[in-house]
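**Student:** Numbering (our numbering), first residue to last: 22 to 174.
Idealized CB from N, CA, C, for every residue including glycine.
Only a predicted model underlies this, so the values are computations on that prediction, with no experimental measurement involved.
Listed below in structure tokens is the structure:
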């Protein structure tokens, strides 16, 4: 199992494909942002200092998961975590979340998830995220910086 930052055009194509699949999975949810901005500017927005992207593969090149981290001045936003159904239950999602948390430095990490995403919410809670609000089927969760988190490598 491996988790990497997309580096090649092919890697970014895998990230786009996975984010598109994420969009299809939540398309019936009107409260979530349109993905077209993220998809159009993926490399520019998540390939530098303002944000990071990771793709994950259970094998050598068979990428099946993606997560984005968007840096703000006061927090990092964990976005678009998606693992294809064939790779769920393998630990791939956890590895992606941990990669993003590890890169968030000393910033709190926030995310939004849906009531229907029971497994994802359990994963986030097991990594230390706590629910901060819920409205209209959308839950906001937050992970505060902690000394143990800052010293993990």
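First and last residue of the alpha helix (DSSP H) that includes residue 58?
**Tutor:** Start and end: 57-61.
**Student:** Use the C-beta contact count for residue 25: other C-beta atoms within 10 angstroms, 16 or more gives buried, fewer gives exposed.
**Tutor:** Label assigned to residue 25: exposed.
**Student:** What are the uninterrupted segments assigned as alpha helix (DSSP H) that are 4 or more residues long and contained completely in the segment 82-138, given in chain order?
**Tutor:** If we require 4 residues or more, the alpha helix (DSSP H) runs fully inside the segment 82-138 come out as 113-124.
**Student:** For residue 59, count the other beta carbons within 10 Å of its own beta carbon; 16 or more makes it buried, fewer makes it exposed. Which is it?
**Tutor:** That one is buried.
**Student:** Give me the Cα-Cα distance between residue 94 and residue 149, rounded to the nearest whole angstrom.
**Tutor:** Going by the C-alpha atoms only, they are around 22 Å apart.
**Student:** So what's residue 48 in DSSP terms, helix, strand or just coil?
**Tutor:** If DSSP states are grouped into helix, strand and coil, residue 48 belongs with coil.
**Student:** Please confirm whether residue 36 and residue 87 have their CB atoms less than 8 Å apart.
**Tutor:** Yes, they are a contact pair.
**Student:** Going by C-alpha to C-alpha distance, which of 140, 162, 113 sits closest to residue 80?
**Tutor:** Nearest of 140, 162, 113 to residue 80, Cα basis: 113.
**Student:** Assuming residue 72 is part of the beta strand (DSSP E), what are its boundary residues?
**Tutor:** It spans 72-78 - the beta strand (DSSP E) in which residue 72 sits, taken as one unbroken run.
**Student:** Tell me whether the beta-carbon of residue 72 lies closer than 8 Å to the beta-carbon of residue 99.
**Tutor:** Contact: no.
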